Amino acid sequence: MVTINNLRKVYGRGKEAVVALDDVSLEVPQGEIFGVLGQSGAGKSTLIRCVNLLEQPTSGSVIVDGQEMTTLNDAALRRARQHIGMIFQHFYLLNSRTVAENVAFPLEVIGYKRADREARVQELLSLVGLEEKARVYPAQLSGGQKQRVGIARALAGSPKVLLSDEATSALDPQTTRSILDLLRDLNQRIGLTILLITHEMSVVRQICHRVAILEEGRIVEQGYVNELAALPESRLLQAFFPQVRDIQARPGATIVTLAFSGTVAEQPMVSTLIRRFGLDVNILSANIEEVGDQRIGQLQAELVGEQIDAGLSYLHDLGVHVKLHQEVHL
Ligand SMILES: Nc1ncnc2c1ncn2[C@@H]1O[C@H](COP(=O)(O)OP(=O)(O)OP(=O)(O)O)[C@@H](O)[C@H]1O
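This is the structure in structure tokens:
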């Protein structure tokens with residue numbers, strides 16, 4: 053649905069030039085939720101604004117629903133943008149208009165007749181669960197309700213893709229969750245394709261099928277969230293869990309980090325190490341997270357005993373990725 057090839061964006065010239073995006077390529081398949089994850093200044097806003105040409109790329113190609121965006125003239129670009137919805141961190145609602153009038157605004161622009169407009173607004177408000185608020189003004193809404201209006205407005209023209217620019221960054225965790233649930237629900241119910249940018253790992257964890265990690269304008273990793281989360285060396289997994297502390301092993305002890313995913317997370321690993329291999333297991337840290345429909349985990353422990361090698365080989369056979377930090381040969 054969205055294909056970006058070798059995208060480059062440079063702001064300014066000469067000594068002042070800032071390379072915001074460098075050779076960025078990605079593909080957002082129809083019906084998927086694709087997250088671009090990056091820290092402040094990584095180039096996320098620039099990237100999403102290049103998709104609807106709010107920002108003109110320096111070079112490279114942006115194809116939305118089969119149409120190359122970078123070569124369109126103004127009139128064609130306006131038409132193309134009608135099929136690209138966008139939501140923002142700060143909502144950008146019109147305060148002098150009611151909720152229904154805000155949602156109706158893009159329909160007025162594309163020339164919907166009044167009766168059709170009213171029916172469509174009803175439908176959109178019901179889609180985002182705000183039927184009751186049609187006549188209310190934005191100032192009377194909570195942040196989460198304002199974002200629901202933003203989503204209804206973005207969906208007014210039945211866009212092929214929804215761009216989300218840090219849509220939950222101004223919301224508290226509970227409201228964030230309800231907005232993410234709504235986006236996932238829209239993705240499932242009406243097959244909405246979503247390209248979102250975020251600096252929050254939890255957004256990727258909760259709703260994204262695919263992710264690209266952006267650092268200093270370059271994509272350093274991309275793929276299915278489920279698959280990357282199962283790869284111990286992936287940046288995604290490392291970002292999920294805090295960095296392992298550098299702990300000194302006691303004499304005779306071995307420190308290991310165990311990474312596991314899927315059904316392995318349900319295995320009684322620790323008790324097996326203790327009972328079957330006679331090891332002392334001192335847990336230093338442990339985390340299990342839900343990622344999409346699977347669980348991933350990381351456990352750091354200090355092991356003492358004579359059958360450490362046999363215990364580690366049992367873990368390996370189970371599908372656990374074992375990293376040794378400090379090994380003391382007995
Ligand atoms: N209009 C501009 N003129 C010059 N430099 C810019 C402009 N917009 C962005 N930049 C620079 O481009 C780089 C990427 O900025 P961008 O806003 O895309 O990053 P971001 O990942 O969205 O960051 P944030 O999360 O803080 O918004 C930064 O170094 C920024 O200073």
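Quick note on my numbering: the sequence shown kicks off at 53 and runs consecutively.
Here a beta-carbon is modelled for each residue, glycine too, at the ideal position from N, C-alpha and C.
Remember, predicted model here, so these are calculated numbers, not experimental data.
Annotated as proximal: V80 and M53, with beta-carbon spacing under 8 Å. Between ligand 1 and the CB of A222, the shortest heavy atom gap is not smaller than 7 Å. Here the distance from the Cβ of G64 to the nearest heavy atom of ligand 1 is below 7 Å. Taking C-beta atoms as the reference points, V116 and T122 fail to come closer than 8 Å. Distance from the Cα of S210 is smallest, within the candidate group A132, R65 and D224, for A132. Its chain contains Q199, G202, I203, A206, L214, L215, S216, D217 and A219 as the residues whose beta carbon lies nearer than 8 Å to that of I139, once the 5 sequence neighbours on both sides are disregarded; these appear in chain order. In this structure, L376 sits away from M321, with a CB-CB distance that is not shorter than 8 Å. Here E273 really is in contact with I265; their C-beta atoms are around 5 Å apart, less than 8 Å. Annotation for R60: L73, D74, D75, P109, T110, S111 and G112 place their beta carbon closer than 7 Å to its own, counting only its chain and skipping 5 residues before and after. Within the segment 193-244, the complete beta strand (DSSP E) segments at least 3 residues long are 213-217, listed from N- to C-terminus. Partner residues in the beta bridge of K61, as assigned by DSSP, are L73. For T250, the number of other beta carbons within 10 angstroms of its own is at least 16, and it is reported as buried.
Around the beta carbon of A353, 16 or more other beta carbons sit within 10 angstroms, so the residue counts as buried. Look at A72: its beta carbon is less than 7 Å from one of the heavy atoms in ligand 1. In the structure shown, the three-state DSSP call for S313 is strand. Inclusion of A152 and L177 in the CB contact set at 8 Å is warranted, their separation being smaller than that value.
Not one heavy atom of ligand 1 is found less than 7 Å from the C-beta of A204.
Looking at the DSSP output, R270 bridges to E267. For A301, there is no enclosing alpha helix (DSSP H), since its DSSP letter is neither H nor E.
Rounded to the nearest angstrom, the Cβ distance from V155 to A208 is 6 Å, consistent with a contact under 8 Å.
Counting along the chain, M138 sits inside the beta strand (DSSP E) bounded by residues I136 to F140. At least one heavy atom of ligand 1 is found less than 7 Å from the C-beta of A94. H142 sits close to A222, with the two beta carbons spaced by under 8 Å. Rounded to the nearest whole angstrom, the CA to CA distance from Y144 to D237 is 23 Å. According to the DSSP assignment, R327 belongs to the alpha helix (DSSP H) that extends over M321 to R327. Taking the C-beta atoms as reference points, G357 is found no nearer than 8 Å to G243. Distance between Q359 and V255, taken at the CA atoms: about 42 Å. Residue burial annotation: T245 is buried, with at least 16 other C-beta atoms found within 10 angstroms of its C-beta. Closest in alpha carbon position to I335, among S148, K67, V88 and L325, is L325. Going by C-alpha positions, E268 is about 30 Å away from I340.
Proximity of the beta carbon of H251 to ligand 1 is indicated: a heavy atom of the ligand is located closer than 7 Å. A straight line joining the alpha-carbon of L234 with that of R65 spans about 42 Å. Between the segment 301-316 and the segment 280-289, the count of C-beta pairs closer than 8 Å reaches three or more; the two stretches touch. Contact between G87 and C260 holds: their C-beta atoms lie close to 4 Å from each other, under 8 Å.
In the three-state reduction of the DSSP assignment, K375 falls in the strand class.
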